[in-house]
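Asker: Just so you know, we're using UniProt numbering here: the sequence shown kicks off at 1 and counts up by one.
Idealized CB from N, CA, C, for every residue including glycine.
Everything numeric in this text was worked out from a predicted model, so none of it was measured.
Can you keep this structure in mind? I'll have questions shortly.
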Amino acid sequence: MSRWIQEGDNVDITNEREKGTFDTERLSAWIHGGTDVLKRRREILEFVKSVDDFKDPVPIEFLSREERILNNARKVVAMTDNTDQIDGSDFFGEGMYYQALTMGRDLHAMSLHYVMFIPTLQGQTDDEQLDEWLTKAISRAVVGTYAQTELGHGTNLSKLETTATYDPATEEFVLNSPTITAAKWWPGGLGKSSNYAVVVAQLYTKGECKGPHPFIVQLREDDTHLPLKGIRLGDIGPKLGINGNDNGFLLFDKVRIPRKHLLMRYAKVKPDGTYVAPAHSKLGYGTMVFVRSIMIKDQSTQLAAAATIATRYASVRRQGEITPGKGEVQILDYQTQQFRVFPQLARAFAFMAAATEIRDLYMTVTEQLTHGNTELLAELHVLSSGLKSVVSWDTAQGIEQCRLACGGHGYSQASGFPEIYGYAVGGCTYEGENLVMLLQVARFLMRAAEEVRKGTAKLADIGAYIGRTGAKSSRLTTHHHYTDVQLVEDLEHAARKQVFRAYDRLKKAQQHLKPEDAWNSVSVELAKASRWHVRVYLVKNFLHKVSLAPQDLKFVLVDVARLYAYDIITSSIGAFLEDGYMTSNQMNEIKEGIYECLAKIRPNAVSLVDSWDYDDKELKSVLGRRDGNVYPALLEWAQNSQLNKTEVLPSHTKYLGPMMKDARSKL
């Protein structure tokens, strides 16, 4: 029942695929949204593989940074030349997949052009501005980026230092960077590639600061590409990952731009300097929420890629004996290996399920905003902030566990792990530092707790558990009879308890501290409450998705979903034992449930990762290659090293050789 079996494959990986008890095609369609979506993915894949301009001359790990940027610029032009091959309106699906296949995880000069610059124009310009700028951006007449983060401030938008002061005499804004820490820092493509940017700056008019607002600013001349007068910008240097992207810095020295370069769909400044405020204070956060929404899917696919590599490699790597004299076994047979890798695969499934929900909610809110309806905006902001934090953190930790599960070879760039980790771990800090995101969620939770205590709570489904009394003890008897409802009840108990623990500590602190100091003094407890809140959502959503799955897939997905939920519980044993809600015997039942899930997933492990439908071109891992022929491929990969182009290196001729020769002469 596996399409992945081919002649010439490693025998062990073929045997694993033959052991699978479900149809991988059916599960692939379930993961990606249906058979039609799966068909389109494969059509896009075949097109990309047929175009020479999408091929790298050598594995990019062997290219210098400048060579990477040049190579990626060539590919991004080819990618955007061929966008007629995809549905441009489906960025969440076809757009993200097309870019992943063509550009990989190294990103490119136009990454933010498509992910942030164009969406900001679409979401925050008025009709006149949209007519002027959107065609230029879509046609690639300009290359834009999104310059918000500064050297001194990132998540704390209210304290950004770049200023845009309105001059009514000329109907212009004057952009200025008053300090070094006001330098824009990190925007992708800003260093050397972009000639325009949406710049977020503090708007001043009539002597008053109106807070951060977006402006469209030309950075470089159209013909020469040299920086315009008063603009200083450049590349910030090598990073942990995505080094094919020229992340940059930007400073302004009294740069003037027209009044109409303030993006005015929501906030406006009239010619005389009169400020017209937006209807909702968070309307300008649309671009950030968009990026956080797509991040959930992106992170889930990176974790799934890591789990795919670790699982496939563990199926062909033989090391040690379980039974003496019976020969070396596949390392996937070791329970410790399963315990390390399978929960990461389960997380990837849970995160993809959440990605679908957050995408649909984002689309709904976007449509409502066009009619001035902001009813769901706060819910989207809270959910996207919380998911962004928890998912990116768990993904980063999960990728590292998968790397460690591959032993020494996982340390090689041939494994793909350094690139995956370097790409994914950035999600813990960009678009909102994770702990700050959790504290934003905590404000929602504290308001909900306040309403519950006052008896005025009208909580949406996502937070309804906060207002429920709940049972005093778990209804778990054995893990075989542990229903989804009971499991969720237990998780909600832990979440509710932590919410009110944080609330009570906050109220107590407020009796003798200023509000902001009280908040800071309990921020660790607040962050814990937010994590519990998000994980309850993730489990409930995943279990619900699995309950709706076709029967021939449900039996294997139930094991995956249960493993995800059980892992959360056993990672926080104290939350269930400290108040007597669970007994040690009940907790042992959960642990037995984990071991049973591992054993049941084991024969389907390779089929489960195959169902994510990664082609070798997208996975980019010698260890995780489809055919399992890892060892010949590792030796072949190593031949690309520039050091192997010559037998004797200058380092030997100039230093090591004379050293040894001198030492020999003295023996």
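Which of the three DSSP states, helix, strand or coil, is assigned to LEU250?
Answerer: The three-state reading of DSSP puts LEU250 in strand, counting E and B together.
Asker: By how many angstroms is the C-alpha of ALA509 removed from the C-alpha of LEU435?
Answerer: 20 Å
Asker: State the start and end residues of the unbroken beta strand (DSSP E) segment that holds ASN176.
Answerer: 172 to 176
Asker: State the DSSP-derived secondary structure class of GLU433, mapped to helix, strand or coil.
Answerer: coil
Asker: Whole-angstrom Cβ separation of TYR564 and ALA350, contact assumed at under 8 Å?
Answerer: 5 Å between Cβ atoms; contact.
Asker: Residues bridged to TRP185 by DSSP?
Answerer: PHE249
Asker: On a Cα-Cα basis, can you pick out the residue from ILE180, ALA355, GLN129, GLN338 that is closest to LYS545?
Answerer: ALA355
Asker: For the pair the segment 341 to 350 and the segment 358 to 367, tell me if three or more CB-CB distances fall below 8 Å.
Answerer: no
Asker: In its own chain, which residues sit with a C-beta less than 7 Å from the C-beta of GLN218, not counting the 5 before and 5 after it?
Answerer: Same-chain partners within the cutoff: ASN195, TYR196, LEU228.
Asker: Which residues mark the beginning and the end of the beta strand (DSSP E) in which LEU203 is found?
Answerer: 196 to 205
Asker: Put LYS388 into one of helix, strand or coil per three-state DSSP.
Answerer: Residue state, collapsed to three classes: helix.
Asker: Just to confirm, is the Cβ distance from GLN498 to LYS540 under 8 Å?
Answerer: no
Asker: Consult DSSP for GLU161 and reduce its assignment to one of helix, strand or coil.
Answerer: coil
Asker: Rounded to the nearest angstrom, how far is the Cβ of ARG501 from that of LYS388, given a contact under 8 Å?
Answerer: Actually they are not in contact, since the Cβ atoms of ARG501 and LYS388 sit about 24 Å apart, beyond 8 Å.
Asker: What residues in its chain sit with their C-beta under 7 Å from that of SER572, if we drop five residues either side in the sequence?
Answerer: ALA494
Asker: Are the beta-carbon atoms of ASN243 and SER111 separated by less than 8 Å?
Answerer: no
Asker: Where does TYR631 fall in DSSP's three states?
Answerer: helix
Asker: For GLY144, write down the residues that DSSP places opposite it in a beta bridge.
Answerer: TYR196
Asker: Since GLU172 and PRO258 should fall inside the 8 Å C-beta cutoff, what is the C-beta to C-beta distance between them, to a whole number of angstroms?
Answerer: 6 Å
Asker: Please give me, in chain order, every unbroken run of the alpha helix (DSSP H) with length at least 4 that falls completely inside the segment 280 to 345.
Answerer: 286 to 316
Asker: Which residues in the same chain as GLU400 place their Cβ atom closer than 7 Å to its Cβ, once the five residues preceding and following it in sequence are excluded?
Answerer: TYR421
Asker: Entirely within the segment 491 to 578 and at least 4 residues each: give me those alpha helix (DSSP H) ranges in chain order.
Answerer: When DSSP assignments are scanned along the segment 491 to 578, the uninterrupted stretches of alpha helix (DSSP H) that are 4 or more residues long and fall wholly within it turn out to be 515 to 521, 523 to 547, 551 to 570, 573 to 577.
Asker: Beta carbon of ALA147, beta carbon of PRO178: below 8 Å?
Answerer: no
Asker: Quick check on this structure: which residue in GLY416, GLY426, VAL382, LEU369 has the alpha carbon closest to the alpha carbon of ALA396?
Answerer: GLY426
Asker: For VAL58, which residues from the same chain have a beta carbon less than 8 Å from its beta carbon, with the 5 sequence-adjacent residues on both sides left out?
Answerer: Cβ neighbours of VAL58 beyond the five flanking positions: ASN640.
Asker: Alpha carbon to alpha carbon, how far is LYS620 from ARG232?
Answerer: Taking C-alpha positions only, LYS620 is separated from ARG232 by approximately 37 Å.
Asker: Excluding the five sequence neighbours on either side, which residues of its own chain have a C-beta within less than 7 Å of the C-beta of LEU303, listed in chain order?
Answerer: GLN344, ARG347, ALA348, PHE351, THR395, GLY398, ILE399
Asker: Sort out for me which residues DSSP pairs GLY234 with in a bridge.
Answerer: PHE249
Asker: Sort out for me which residues DSSP pairs CYS209 with in a bridge.
Answerer: TYR204
Asker: Buried or exposed: which applies to SER315, given that a residue is buried once 16 or more other Cβ atoms fall within 10 Å of its Cβ?
Answerer: Buried.
Asker: In chain order, what residues of the same chain have a beta carbon less than 7 Å from the beta carbon of LEU487, not counting five sequence neighbours either side?
Answerer: ALA565
Asker: Does the segment 37 to 44 come within contact of the segment 624 to 644, defined as at least 3 CB pairs closer than 8 Å?
Answerer: no
Asker: Helix, strand or coil: how does DSSP classify LYS620 here?
Answerer: If DSSP states are grouped into helix, strand and coil, LYS620 belongs with coil.
Asker: So, at 7 Å on beta carbons, what are the nonlocal neighbours of residue 670 in its own chain, with the 5 sequence-adjacent residues on each side left out?
Answerer: The structure shown has nothing for residue 670, since the chain only spans 1 to 667.
Asker: On the premise that GLY88 lies in contact with GLU433, defined as a C-beta separation below 8 Å, what is that separation, rounded to the nearest angstrom?
Answerer: That pair is no contact at about 32 Å.
Asker: Within the continuous beta strand (DSSP E) that includes ARG41, where are the two ends?
Answerer: Run containing ARG41: none in the beta strand (DSSP E); it sits in the alpha helix (DSSP H), 35 to 50.
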